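What follows is one structure encoded as structure tokens, with my remarks underneath.
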Amino acid sequence: MHNSSSNHDRHQANHSHDQNGKQYDPVCGMAVKPDSPHHETFEGKTYRFCSARCQEKFQAAPQRFASGRPHEQHQDVAQAPSGPSTEYICPMHPEIRQAGPGSCPICGMALEPVIPELDEEENPELKDFSRRFWWTLPLTVIVTVLAMGGHSLNLFHGTTQNWVELVLTTPVVLWAGWPFFERCVRSFVLRSPNMWTLIGLGTAAAYLYSVVATLAPGVFPADFVQDGRIGVYFEAAAVIISLTLLGQLLELKARSQTSAAIKSLLGLAPKTARRINPDGTEDDIPLTHVHAGDRLRVRPGEKVPVDGLVLEGESAVDESMLTGEPVPIMKHVGDSLIGATLNAHGSLVMQAQKVGSSTMLAQIVQMVAQAQRSKAPMQRLADVIAGYFVMVVIAIAILTFLVWGLWGPEPSWVFGLINAVAVLIIACPCALGLATPMSVMVATGKAAGSGVLFRDAGAIENLRKIDTLIVDKTGTLTEGRPAFHSVEAAPGFTPDEVLRLAASLDQGSEHPLAHAIVDHARAHGLALSTAETFESASGIGVRGQVDDHHLQLGNTALMNDAGVDASSLSARAEQLRGEGVSIMFLAVDGVLAGLLAVADPIKPTSKLAVERLQADGVRVIMATGDGLTTARAVARELGIEEVHGEVKPQDKERLAAALQQEGHRVAMAGDGINDAPALARADIGIAMGTGTDVAMNSAQVTLVKGDLLGILRARSLSVATVRNMHQNLTFAFLYNALGIPLAAGLLYPLTGLLLSPIIAALAMSLSSASVVFNALRLRKVSID
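Numbering (my numbering), first residue to last: 444 to 1227.
Have a look at this one:
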């Protein structure tokens, strides 16, 4: 219907002035008067504010609000600005984005910040609409009382009552309803009819008809005269405006609750950190001043400031706020820490590794915000319908006016006007547009609180359809923190030499098995060399050069590719694999040097997760780069029947593609770089939050804790969310399907009753609010 990018450009808001010279508060974006007493001068320019609160915010960080540019470089997402430089988005049309507050060119709704600020003030639109509603509500009540009972009370004679109602109604329509008329006119200018088109046309028709009847009653036929005056409908126009404002207030307040999940996440971050200086002194510094590599102290009862590693001490850390795991986890030297988690007892010294927007908390906030503002596939149907709906409604309203005017009872044209206004008002498509976005926003917040991150709305909608799950072994079914088991040397090599060379090469690998080998070698005091070259061999091992020797370290497939005969140790390797131990062969200059065995314990929850998934009808398949015998041993313990061992990354991708061609809906769960191709290929990619960034960037769902039980929680939420979407869409469709014929007067020949525009306005307002409140019920759904 329109070019959204051009509309977006057309609605870019300047942070202090627009092209007409109008001034805006640089903090909240509201229009301000030139004589506002709240003002500041910064870098030779005067900025004015709507309130002292905004002025205080500006004084605290003038550069932040004066630049008028998005602050991508701002270090702490948890303290992102909400001024005009923040990106704003339409809650119904996420493709509409701009760098400041404004209205959506498609639906006319007020834009909202993508990431709300923790201490943000009340929504400016909510504040504005509240003021307009409460100041004009007494006028609406008086006009309505006069219209309903003015004749019987004999308060006024003849046309006097029309003039009184005109005086009382005009402030309601022209001041309280002015934002609605602005949006209505804009919808025509942009050729994008929306809900405000219908409200503006309906209200304007009732008001203008009544104004003409008051100012020039002589232009109407004699049969229009009742009780010595022309019948007017000022009360209908006033009540429509007041009820629409009321509906917007209810909707805005309800919608503000959908951002509660992000605000709760933002509130987790501590404001300060205790830094240990090189001279041993300690200072409390703002969180934004922490840099990677800093040594920080975390005292008992304090929150971990940023992501990092434990250098000294041990303590139990409560990670439930991010992972959903209620039991505190013991942390020792070398263990990782997640920012915003709570140190229960014991003092820790940590090294900061990820700060600002790189921390897990910041990434969670970004993912939740992105998922909340994405569009579900189900919404496409609603968008297609809404695209034509408004024009159809206008045509029905015109037809209603003509049919009643030509063939209705006298005064027929008055009946025609009132019924046409009722059609325009009751057919507002706001409920239809909000049906799925509100469900998505609530569901993503609910999921984040349970340690499940959805990348987009499509993942929420489609996860429930999955019938096949491919799982990696290491780090997904197992702990991913393997312990060194043993080393076997081939003739001509010693165990220490095999271990030293393998560990020297593995220093460049991110794989958990490599970490176990390196840590064990260092613990035994072996002097490791620096690898001159290093290359990952497509998920089957690594290659490189150490001390002028060409090394290959990996599984049987790598040995076969390198032409190395590993038969002398194959029997011992099979014996260890039967115990569920992972085996890696080491070849030096093309000759087998030995094998290294690493044991990786199965996660305590993996067996339960597999059993429950299979009970739900999900086919679970293991695909791992580890040896087939080892994989089968682990699968046997977990009850997994289908196993693929020693597979390369491209083999996992081909497996997912083959299953899709058979008609299956496939999910892939993994944590490593070698899982990324299959995660991207699958219908739903599920990454372990304990794994690599590459895996998480390739997936649609991330399990923060790295626990497969998270898949069950995500599936339960997917089912509940889609059910909620269906409820909202069904209500919206039925509401319009029943409301429009009723408003058009189709039941009048049978019942003699007509739907008043006032009742239509009330129904329209309550329909939008009911959709939002129904979506909010998802917050109480049990997904465990």
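Here a beta-carbon is modelled for each residue, glycine too, at the ideal position from N, C-alpha and C. Quick caveat: nothing in here was measured; it's all calculated off a predicted structure.
Item, Value
"Under 7 Å Cβ to Cβ from P771, same chain only, skipping five residues before and after it: list those, please.", "A759, V760, D761 and A787"
"Is the stretch 1042–1051 touching the stretch 1005–1018, taking contact as three or more C-beta pairs under 8 Å?", "no"
"Quick one: using the 10 Å Cβ neighbour count with 16 as the cut-off for buried, is S528 buried or exposed?", "No answer about S528 holds up, because its pLDDT of 47 lies below 50 and its placement is not dependable."
"What number of angstroms, rounded off, separates the C-alpha of G545 from the C-alpha of E530?", "11 Å"
"Return the chain-ordered list of same chain residues with a C-beta closer than 7 Å to the C-beta of R1020, the five sequence neighbours on each side being excluded.", "I1026, G1070, T1072, T1073 and A1076"
"In the structure shown, what three-state DSSP assignment does D1118 receive?", "helix"
"Use the C-beta contact count for L1081: other C-beta atoms within 10 angstroms, 16 or more gives buried, fewer gives exposed.", "buried"
"Nearest by alpha-carbon distance to W847: which of M881, K696, I839 and F858 is it?", "F858"
"With DSSP as the reference, label K1095 as helix, strand or coil.", "helix"
"Here's a check: name, in chain order, each residue in its chain whose Cβ is nearer than 7 Å to the Cβ of Q691, leaving out the five neighbours to either side.", "F572"
"Name the residue from S893, H993, A1125 and G951 whose alpha carbon lies nearest to the alpha carbon of I807.", "S893"
"How is E486 classed by DSSP in three states: helix, strand or coil?", "coil"
"Using 8 Å as the Cβ pair cut-off and three pairs as the minimum, do the stretch 578–591 and the stretch 672–686 touch?", "yes"
"Opposite Y650 in the DSSP bridges: which residues?", "Note: Y650 sits in no beta bridge, so no partner."
"How is M1131 classed by DSSP in three states: helix, strand or coil?", "strand"
"In whole angstroms, what is the alpha-carbon distance linking A865 and G1188?", "9 Å"
"For Q794, list the residues DSSP reports as bridge partners.", "R738 and L752"
"Helix or strand or just coil, what does DSSP make of T911?", "strand"
"Would you check if the distance between the CB atom of Q794 and the CB atom of L730 is smaller than 7 Å?", "no"
"Where does V836 land, buried or exposed, given buried means 16+ other C-beta within 10 angstroms?", "buried"
"If we ignore side chains and look at the alpha-carbon of each, how far apart do V1251 and W639 end up?", "One cannot answer for residue 1251 here, as it falls past the ends of the chain, which runs 444 to 1227."
"By DSSP, does I772 sit in helix, in strand, or in coil?", "strand"
"Span of the alpha helix (DSSP H) holding P1113?", "According to the sequence provided, residue 1113 is Gly. The question's Pro does not apply to it. Where G1113 is concerned, there is no enclosing alpha helix (DSSP H), although the beta strand (DSSP E) it sits in stretches over V1109 to G1113."
"Roughly how many whole angstroms lie between the Cα atoms of R512 and A542?", "Low local confidence applies: a pLDDT of 36 at R512 is under 50, so the model's placement there is unreliable, and no value is given."
"Reducing DSSP to helix, strand and coil, say where M1065 ends up.", "strand"
"According to DSSP, which residues form a beta bridge with I1026?", "A1040"
"Per DSSP, which one or two residues make a beta bridge with R717?", "D727 and R740"
"Helix or strand or just coil, what does DSSP make of H514?", "In this prediction, H514 scores a pLDDT of 32, lower than 50, which makes its location untrustworthy; no coordinate-derived value is stated."
"Judging by CA-CA distance, which residue of R1015, V1041, V1053 and T999 is the nearest neighbour of F1028?", "T999"
"Any idea if V1086 is buried or exposed, counting beta-carbon neighbours within 10 angstroms, 16 or more meaning buried?", "buried"
"For my contact list, G918 and M1131 are in at a C-beta cut-off of 8 Å; report their separation, rounded to the angstrom.", "6 Å"
"Alpha carbon to alpha carbon, how far is L804 from Q796?", "13 Å"
"Leaving out the 5 sequence neighbours to the left and right, which residues in its chain are closer than 6 Å to S972 when beta-carbon positions are compared?", "S947, V989 and D990"
"Which residue or residues does DSSP assign as beta-bridge partners of L994?", "G987 and V1031"
"Contact defined as beta carbons within less than 8 Å: I believe V1090 pairs with I913. What is the distance between those atoms, to the nearest angstrom?", "Contact flag wrong, Cβ pair sits at about 10 Å."
"If you follow the beta strand (DSSP E) that A926 is part of, which residue opens it and which one closes it?", "A926 to A932"
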